[in-house]
Amino acid sequence: MSKKTVLIPLAAVSAAVLLAACASGPEPGAAASAALDAEANRLIVAAFRDQGIAKADRIKQDLGQSACSSDKEPSEAVADRITAEAKASVKWPTGGAYIGDWREGERIAQNGRGLTWTDTSTATSANGGSCYNCHQISKEEVSYGTIGPSLYNYGKNRGVQDITAPTAAPIIQYTWQKIWNSKTYNACSNMPRFGHMGILDEKQIAHVMALLLDPNSPVNK
Amino acid sequence: MKQSIRARAIVAVAALAALAPALAQQKSTSDGIAEYRKMLEDGNPAELFEMKGQELWSQKRGPKNASLEQCDLGKGKGVVKGAFVELPRFFADTGKVMDLESRLVHCMATLQGFDAAEIAKTPFGRGEMANVTALATWIATESRGLRFNLSQAHAEEKKSYEIGKRVFYFRAGPMDFNCASCHSTANIRIRLQDLPDLTKNPGDGIGFAAWPAYRVSNGQMWGMQLRLNDCFRQMRFPYPGFGSDITVALATYMGVNAKGAQSIAPAIKR
Chain F
102 MSKKTVLIPL
112 AAVSAAVLLA
122 ACASGPEPGA
132 AASAALDAEA
142 NRLIVAAFRD
152 QGIAKADRIK
162 QDLGQSACSS
172 DKEPSEAVAD
182 RITAEAKASV
192 KWPTGGAYIG
202 DWREGERIAQ
212 NGRGLTWTDT
222 STATSANGGS
232 CYNCHQISKE
242 EVSYGTIGPS
252 LYNYGKNRGV
262 QDITAPTAAP
272 IIQYTWQKIW
282 NSKTYNACSN
292 MPRFGHMGIL
302 DEKQIAHVMA
312 LLLDPNSPVN
322 K
Chain P
208 MKQSIRARAI
218 VAVAALAALA
228 PALAQQKSTS
238 DGIAEYRKML
248 EDGNPAELFE
258 MKGQELWSQK
268 RGPKNASLEQ
278 CDLGKGKGVV
288 KGAFVELPRF
298 FADTGKVMDL
308 ESRLVHCMAT
318 LQGFDAAEIA
328 KTPFGRGEMA
338 NVTALATWIA
348 TESRGLRFNL
358 SQAHAEEKKS
368 YEIGKRVFYF
378 RAGPMDFNCA
388 SCHSTANIRI
398 RLQDLPDLTK
408 NPGDGIGFAA
418 WPAYRVSNGQ
428 MWGMQLRLND
438 CFRQMRFPYP
448 GFGSDITVAL
458 ATYMGVNAKG
468 AQSIAPAIKR
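Those sequence lines, one after another, are chains F and P.
Numbering-wise, the working numbering puts 214 at position 113 of the first sequence, and it's gapless, one number per residue.
Numbering-wise, the working numbering puts 418 at position 211 of the second sequence, and it's gapless, one number per residue.
Here's what the structure looks like:
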């Protein structure tokens with residue numbers, strides 16, 4: 102069994118080397134690249150096992166993951182399909198309760214726990230949003246990451262003065278979509294799909310929404 | 208022309224002045240961390256692991272009561288100096304590309320009679336796994352100051368790089384992360400932790416060139432296998448097998464990209 106599976110990628114690599122000699126860059130040709138993709142996937146499946154709550158089936162990819170698994174962007178058609186499916190997946194808050202308590206939101210934004218194999222609960226209540234890992238949010242917290250854009254003054258910069266005003270509705274709905282499923286606006290967004298993947302529940306997302314949009318939140322001071 | 212540059216400079220200075228309080232705060236935090244690291248370098252506890260590793264290399268152990276002095280780390284039997292900065296590499300005797308830690312386990316099995324699968328299953332920091340880490344620390348130390356120079360001459364080494372690249376970009380898990388989420392852009396941080404761009408040479412002693420390292424926060428010595436293992440944990444992935452093909456391939460990808468980077472291992476980390 103192993104002899105045969107080893108031979109195919111070796112042949113693929115020789116083909117890649119030959120093709121690379123003809124092509125402009127050092128990258129393998131399309132056929133060789135596809136063979137390497139298949140080999141990489143086989144080795145990934147072979148490498149991972151269950152540990153605690155982190156089960157091996159987590160490496161099964163949906164389209165939004167597989168299409169964003171290279172240093173190249175997916176084609177426009179694939180990207181459009183991902184964003185359309187993401188948009189359709191968004192669950193709106195029950196009773197239109199978009200905005201919770203910004204104090205709770207700050208706690209969730211600070212909390213980077215949940216879903217690793219050293220965490221023990223799979224309940225959303227055990228999870229944080231890890232927001233500060235990537236974003237500046239309130240000015241008071243200086244330990245923030247820079248992977249995502251600064252969200253300081255998020256609501257203020259977008260003209261939200263009253264969260265109940267009809268003029269605030271579009272930005273509130275946009276923000277909800279972005280947090281629920283970030284792929285709604287960017288097929289290969291680096292941001293987790295907090296609602297869609299069950300990381301945070303409706304109430305938790307509403308609290309984070311308040312942190313970003315409530316004029317009383319320190320984010321908008 | 209000159210004047211317009213000068214005018215732009217004035218604007219830039221004014222903009223900087225406006226930003227100054229925020230920048231000063233950031234600067235002092237990262238400077239503080241750098242200072243802290245510098246202080247710790249005077250007494251890096253990694254030295255204890257180095258000494259243990261050096262002893263383990265020449266000590267007769269295992270069912271075969273043999274030392275590791277006949278172990279070939281890629282530069283010939285018993286050659287330690289310079290071996291680390293050329294790993295992972297292809298080994299003809301196993302027909303595989305191996306990293307330092309998987310090669311050490313191979314030598315412990317073939318020369319000393321240990322059960323390789325049993326070692327691979329042992330949790331980090333325990334039993335023979337702790338010995339593998341100590342050995343890796345000493346062997347890396349013997350290449351301190353040398354520059355990474357991994358071979359891509361063998362077809363299997365090229366393949367390992369290509370597989371590693373694919374694993375690096377493989378997105379999965381509840382948070383959709385891949386290695387590239389954090390490590391494909393220069394000058395970004397997670398919280399206050401700087402993130403090296405591992406798709407290219409991130410510089411001397413940064414990224415691949417900084418491990419094995421002693422972690423002050425938990426008092427542990429970490430080899431590259433544990434470094435990768437904990438990355439996958441934080442990425443919310445399932446558990447990667449010790450020495451599995453994909454972890455070796457990732458090391459090949461990072462090691463080849465780091466060509467020319469000076470190794471500072473064993474480093475000291477927060």
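All C-beta atoms in this analysis are idealised placements derived from N, C-alpha and C, irrespective of residue type, glycine included.
These numbers were taken from a predicted model, which means no experiment stands behind them.
_With DSSP as the reference, identify every bridge partner of P447(P), one or two as the case may be._
Per DSSP, F149(F).
*Can you give me the start and stop residues for the beta strand (DSSP E) that F297(P) sits inside?*
Taken as a continuous stretch (DSSP letters only), the beta strand (DSSP E) holding F297(P) covers R296 to F298.
*With 16 other Cβ atoms within 10 Å as the buried cut-off, status of L230(P)*: Unreliable positioning characterises L230(P) in this predicted model, as indicated by a pLDDT of 48, which lies under 50. The coordinate reading is nonetheless provided below. Exposed, because fewer than 16 other Cβ atoms sit within 10 Å of the Cβ of L230(P).
*Taking the continuous alpha helix (DSSP H) assigned at W264(P), which residues delimit it?*
Run containing W264(P): A253 to S265, per the alpha helix (DSSP H) assignment.
*Looking only at its own chain, which residues have a Cβ that is under 6 Å from the Cβ of I280(F), when we skip the five neighbours before and after it?*
F295 and I306
_So, at 7 Å on beta carbons, what are the nonlocal neighbours of A122(F) in its own chain, with the 5 sequence-adjacent residues on each side left out?_
Here the model assigns A122(F) a pLDDT of 42, short of 50, so the residue's position is not dependable, and the following value carries that caveat. The beta carbon of A122(F) sits closer than 7 Å to no other beta carbon from its chain once the five residues preceding and following it are set aside.
*Between I413(P), A299(P) and E276(P), which lies nearest to L318(P) when the distance is taken from Cα to Cα?*
E276(P)
*For A217(F), go through chain P and note every residue whose CB falls closer than 7 Å to its CB, in chain order.*
Reading the sequence as shown, one finds Thr at residue 217(F) and not Ala. The answer, in chain order, is R440, Q441 and R443.
*asked:* Excluding the 5 residues flanking F298(P) on each side, which residues of the same chain have their C-beta closer than 6 Å to its C-beta?
replied: Excluding residues up to 5 positions away in sequence, M305 lie with their Cβ nearer than 6 Å to the Cβ of F298(P) in the same chain.
*For I264(F), name the three-state secondary structure that DSSP assigns.*
coil
*With 9 Å set as the bound, which would you pick, yes or no: does the beta-carbon of R159(F) sit closer than that to a beta-carbon of chain P?*
yes
_Nearest-angstrom Cβ-Cβ length linking A155(F) and Y446(P), presumed shorter than 8 Å_ = 7 Å
_Contact set between R150(F) and chain P, taken where Cβ atoms lie within less than 9 Å_ = P445, Y446, P447 and G448
_Interface residues of chain F facing R396(P) [CB-CB closer than 7 Å]_ = G246 and T247
*Looking at the unbroken alpha helix (DSSP H) that takes in Q278(F), where does it start and where does it end?*
Its alpha helix (DSSP H) spans residues A270 to W281.
*Which whole-angstrom value is the C-beta distance of P295(P) and S367(P), which I expect to be below 8 Å?*
7 Å
*By Cβ distance, which residues of its chain are closer than 6 Å to G206(F), with the 5 residues on each side in sequence left out?*
H308, V309, A311 and L312
_With H, G and I counted as helix, E and B as strand and the rest as coil, what does DSSP make of D306(P)?_
coil
*Would you report the Cα separation of S274(P) and W345(P), rounded to the nearest angstrom?*
15 Å
*So which residues on chain P does S171(F) lean against when the C-beta distance must stay under 7 Å?*
Y376
*At which residues does the beta strand (DSSP E) containing W429(P) begin and terminate?*
Q427 to W429
*Which first and last residues belong to the beta strand (DSSP E) in which Y233(F) is found?*
Run containing Y233(F): none in the beta strand (DSSP E); it sits in the alpha helix (DSSP H), C232 to C235.
_Whole runs of the alpha helix (DSSP H) within the region 299-358 of chain P, excluding any shorter than 4 residues_ = Inside the region 299-358 of chain P, DSSP marks whole alpha helix (DSSP H) runs of 4 or more residues at positions 307-317, 323-328 and 334-348, from first to last along the chain.
*What does Q166(F) touch in chain P if you count any residue whose Cβ is under 7 Å from its own?*
R378, A379 and D383
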